[in-house]
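To keep things clear, I will list the structure first and then write my remarks on it.
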Amino acid sequence: MNPAVKDTALFGVVAVLLIGTGIVQGWNSALLILNMGLISAIMALGVNLQWGFAGLFNIGVMGFVALGGLAAVLVSSEPVPEAWQAGGLRIFAGLALGAATVVAAVFAQKRLEGRTKTIVTLVILVGGFFLYRAVFDPGKEAVEAVNPAVSGNLGGLNLPILLSWPVGGLLAAGAAWIIGKTALGLRSDYLAIATLGIAEIIIAVLKNEDWLARGVKNVIGLDRPVPFEIDLQQDPGFVERAASLGLDPVTASTLYTKMGYAILFTIVLLILLWLAQKALNSPWGRMMRAIRDNETAAEAMGKDVTARHLQIFILGSAICGIAGAMMTTLDGQLTPGTYQPLRFTFLIWVMVIVGGSGNNFGAVLGGMLIWWLWVQVEPMGLGLMNILSSGLEDGSPLKERMIESAAHMRLLTMGLVLLLVLRFSPRGLIPER
Amino acid sequence: MDFLNALVAFANFVFVPGLAYGAQLAIGALGVTMIYGILRFSNFAHGDTMAFGTAITILFTTAFIGMGITFGPLPTALLALPFGIGATILLLLGTDWAVYKFYREQKASPVILVIVSMGVMFVMNGIVRFIIGVRDINFADGERFIVTARGFRDFTGLDEGLAIKTTQAITVVVAFIVMALLFWFLNKTRTGKSMRAFSDNEDLALLSGINPDWVVKVTWMIVAALATTAGVLYGLDKSFKAFTYFQLLLPIFAAAIVGGLGSPLGAIAGGFVIAFSEVTITYAWKKVLTYLLPESLAPDGLVQLLSTDYKFAVSFAILIIVLLFKPTGLFKGKSV
């Protein structure tokens, strides 16, 4: 079969699955799956850039996604003037001191020699740490004491939330630069562990630094780039148009907002996909693949492997950050407690591998397809368990156990899918060309 | 007297918990390092292997208690441990046969095996949740304390109490036995020697007639025993929850890498380095310092360097520092 026909057919399958979901389970859930599928596709694009193009093994996707979510809060929420007065300056002075400490320590490492180097670095680090704590802690406490039930944080800039999408990318890119500078020289599995650790640390910061985004108290009720359902329902013009389509206003308004998100996400996805395709087919993309396939040979050709790795690591992470900001926008809330590596890192990896690493269309397909499967496995598992246990009488412990365990089908299925694809079609559904 | 009080407070809150946690990490890291040495990849499914072994052990523990079999003052889980190890051996040998063998024969690159182990991790995580659910399970029974804080205070007349939990003592004793057995096996038996040879130089080992299939099988069996033991000890000391075992992956890998991947001695050292750093940096030193310093210098705050939620940051920072300055780890591990 012609590859182009096969690829189109595969995307057709995803469309059929989504339309089928719409017909069987309602268009509302189909649109929900589509929206998260689009976001997953963008995350998969980011990981594909790192792994597929450059062979970088990043399993800290969750951290970059969470940073994007943080950007959504910092950009869009209302500032809290009392908190700024109480300790805003102190917090920023503390952070600046902390950053200065790290810079000074790095500088000392580079400039000094022998034993003096070790001693001076240690003195700078320890002294800087206590200085930082002395300046930072009172500010933090003061801010968190301001009306803790509703705020207790510094708030944001009160800008349109759409702006947070690029900002999320920038934030993730900044973090990626720091991580890349320290960890990219390491071997592949060391880099993996390092990124895994960084992601956990980012989540820990989000959970504990209440002054930033309220920690586990969560930020809810973020702005939206699309109208609220309730406003639509009160708009006579909208109700009339909905009625003319034969829909009641409530259904029509939910579908309308979800369609709005879907269109926005599709635009972002198409732009990123276009950029990624351009990059892949440019001399830069060929250089990246050359580095991936043989670092030594690429170095011999005069390519700066470490700098190129850093570059693509930042780009891929930025894409994950954009997707994270989009996801928080879609949810309308930032809940640091819900970020789990299995869902936000390893699932994205399943998407990339299944879709086809090294192929942007493959990543997009994998993102949409695996997300659909992730959502649908639970009801399917429940149905399966209901059928399997139908012979047992109601209330028997085995039956209850089986029904209960259907909720855990997801992880098992994803693992099996990943293993089967790796075994029988290691290059994925749409392989690299 | 104040000095003794400070010492006891230190032992109670830092040394004893650190020792137990370090022993748990060390046994976990030994498993990771064995796989790395013989099979040459970082096994991301290790945390979930530990969870599986622990889950099976918990099932047997419950069954034993139901039948009225207990281990007196010691936790019944120790009686159930061999059964958990047995089940884990079967699981790992099955996984190797169904999954890893294919890639080994293909001579796939290590990073592919790491991704494969991610798939295995998902599956094992699912299996554990099927078996035992996601609840927090406390399965320690028997005596809770060997030395209670009150008993210690009454006995010594100090202000500070020292509590040693049974599980902490068991952890250290079992860890010592496990390590001694492992080193005896690796250094004295024929199979152990052939494993070390295989780890040092695969081609040379094959040339001298070592059966690679047998070496791999024995490795998985040992790893199953180590993982289950580490998991059960950790679960006894804290509690069992599928998700925390997955998170243990980070400190365990940090321990293995800090010690030098592929070096058993390094794994043990790394485990204790990571554990003690985590505990010392996240402990609030106010109490100890108040005893030690004159009254005028007594600290106002908690003197806690980092809040306990940042314990990952500690293992991570040590990992990075060691990697930057000594890339093969403290005990000259491999670097492929």
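Protein chains in written order, with our numbering: chain F, 807 to 1239; chain G, 294 to 629. No residue lacks a Cβ here, since even glycine has one placed at the ideal position from N, Cα and C.
{"Item": "Rounded to a whole number of angstroms, what is the C-alpha to C-alpha distance between Phe546 of chain G and Ile825 of chain F?", "Value": "44 Å"}
{"Item": "Taking its Cβ as the centre, do 16 or more other Cβ atoms sit within 10 Å of Phe469 of chain G, making it buried, or is it exposed?", "Value": "exposed"}
{"Item": "Near Ser608 of chain G, what residues of its chain come up, given a Cβ to Cβ distance below 7 Å and the 5 sequence neighbours on each side ignored?", "Value": "Leu543, Pro544, Ala547, Ile567, Glu571"}
{"Item": "Could one say the Cβ of Thr1141 of chain F lies closer than 8 Å to chain G's Cβ atoms, at least one of them?", "Value": "no"}
{"Item": "For Val629 of chain G, count the other beta carbons within 10 Å of its own beta carbon; 16 or more makes it buried, fewer makes it exposed. Which is it?", "Value": "The predicted model places Val629 of chain G with a pLDDT of 43, which falls under 50 and marks its position as unreliable; any figure quoted below should be read in that light. By the 10 Å Cβ count, Val629 of chain G comes out exposed."}
{"Item": "Compare the C-alpha of Ala1000 of chain F against each of F:Ala982, F:Ala850, F:Gly945 and name the closest.", "Value": "F:Ala982"}
{"Item": "Here's a check: name, in chain order, each residue in its chain whose Cβ is nearer than 6 Å to the Cβ of Gly1241 of chain F, leaving out the five neighbours to either side.", "Value": "With chain F covering only 807 through 1239, there is no way to say anything about residue 1241 of chain F."}
{"Item": "Around the Cβ of Val551 of chain G, are there at least 16 other Cβ atoms within 10 angstroms (buried) or fewer (exposed)?", "Value": "buried"}
{"Item": "Compare the C-beta of His1214 of chain F with all C-beta atoms of chain G and state if any pair is closer than 8 Å.", "Value": "yes"}
{"Item": "Name the residues in the stretch 316-347 of chain G whose C-beta lies less than 9 Å from a C-beta of chain F; which are they?", "Value": "Tyr329, Phe334, Ser335, Phe337"}
{"Item": "Using the three-state DSSP reduction, which class does Gly1201 of chain F fall into: helix, strand or coil?", "Value": "coil"}
{"Item": "Tell me Lys458 of chain G's beta-bridge partners as DSSP assigns them.", "Value": "G:Phe438"}
{"Item": "With DSSP collapsed to three states, give me the class of Lys619 of chain G.", "Value": "coil"}
{"Item": "Looking at the C-beta of Asp995 of chain F, does it have a partner C-beta in chain G at a distance below 8 Å?", "Value": "yes"}
{"Item": "How is Arg992 of chain F classed by DSSP in three states: helix, strand or coil?", "Value": "Just to set this straight, residue 992 of chain F is Leu in the shown sequence, not Arg. Note: Leu992 of chain F maps to coil in three-state DSSP."}
{"Item": "Report the CB separation of Leu372 of chain G from Phe357 of chain G in whole angstroms; it is logged as a contact under 8 Å.", "Value": "6 Å"}
{"Item": "Which same chain residues, not among the five before or five after Arg422 of chain G, have their C-beta less than 7 Å away from its C-beta?", "Value": "Ala535"}
{"Item": "Quick one: is Leu1051 of chain F buried, meaning 16 or more other Cβ sit within 10 Å of its Cβ, or exposed?", "Value": "exposed"}
{"Item": "So what's Val629 of chain G in DSSP terms, helix, strand or just coil?", "Value": "Residue placement at Val629 of chain G is flagged as unreliable, the pLDDT there being 43, under the threshold of 50; the coordinate-derived value follows with that caveat. Coil."}
{"Item": "Does the distance from the CB of Gly346 of chain G to the CB of Ala517 of chain G come in under 8 Å?", "Value": "yes"}
{"Item": "What does Leu386 of chain G reach in chain F if we use C-beta pairs closer than 9 Å?", "Value": "Residues of chain F passing the Cβ test: none, with the nearest at roughly 17 Å."}
{"Item": "Can you tell me whether DSSP reads Gly1240 of chain F as helix, strand or coil?", "Value": "The question about residue 1240 of chain F has no answer here: the residues shown for chain F are numbered 807 through 1239."}
{"Item": "For Ala889 of chain F, I'd like the list of residues in its chain whose CB is within less than 6 Å of its CB, leaving aside the five on either flank, ordered along the chain.", "Value": "Val949, Val952, Leu960"}
{"Item": "In this structure, does DSSP put Pro966 of chain F in helix, strand or coil?", "Value": "coil"}
{"Item": "Contact criterion: CB-CB distance below 8 Å. Does Asn1165 of chain F meet it with respect to chain G?", "Value": "no"}
{"Item": "Whole angstroms are fine: how far does the CA of Leu318 of chain G sit from the CA of Leu367 of chain G?", "Value": "22 Å"}
{"Item": "Exposed or buried, which one is Gly1043 of chain F when buried takes at least 16 other CB atoms within 10 Å?", "Value": "exposed"}
{"Item": "My output table needs one value for Gln597 of chain G: the three-state DSSP class, helix, strand or coil.", "Value": "strand"}
{"Item": "Along the stretch 391-418 of chain G, where does the CB come closer than 8 Å to a CB of chain F? Name the residues.", "Value": "Val392, Phe395, Pro403, Val404, Ile405, Val407, Ile408, Val409, Met411, Gly412, Val413, Met414, Phe415, Val416, Met417, Asn418"}
{"Item": "For Ile430 of chain G, name the three-state secondary structure that DSSP assigns.", "Value": "strand"}
{"Item": "Quick check: what's the CA-CA separation for Phe1152 of chain F versus Ile865 of chain F?", "Value": "7 Å"}
{"Item": "Under 8 Å by Cβ, that's how I've got Leu1061 of chain F and Asn834 of chain F pegged, so tell me the actual separation to the nearest angstrom.", "Value": "7 Å"}
{"Item": "List the residues of chain G that Leu1222 of chain F touches, going by C-beta distances under 9 Å, in chain order.", "Value": "Gly412, Phe415, Val416, Gly419"}
{"Item": "My understanding is that Gly1127 of chain F touches Leu873 of chain F, with C-beta atoms under 8 Å, so please give their C-beta distance in whole angstroms.", "Value": "5 Å"}
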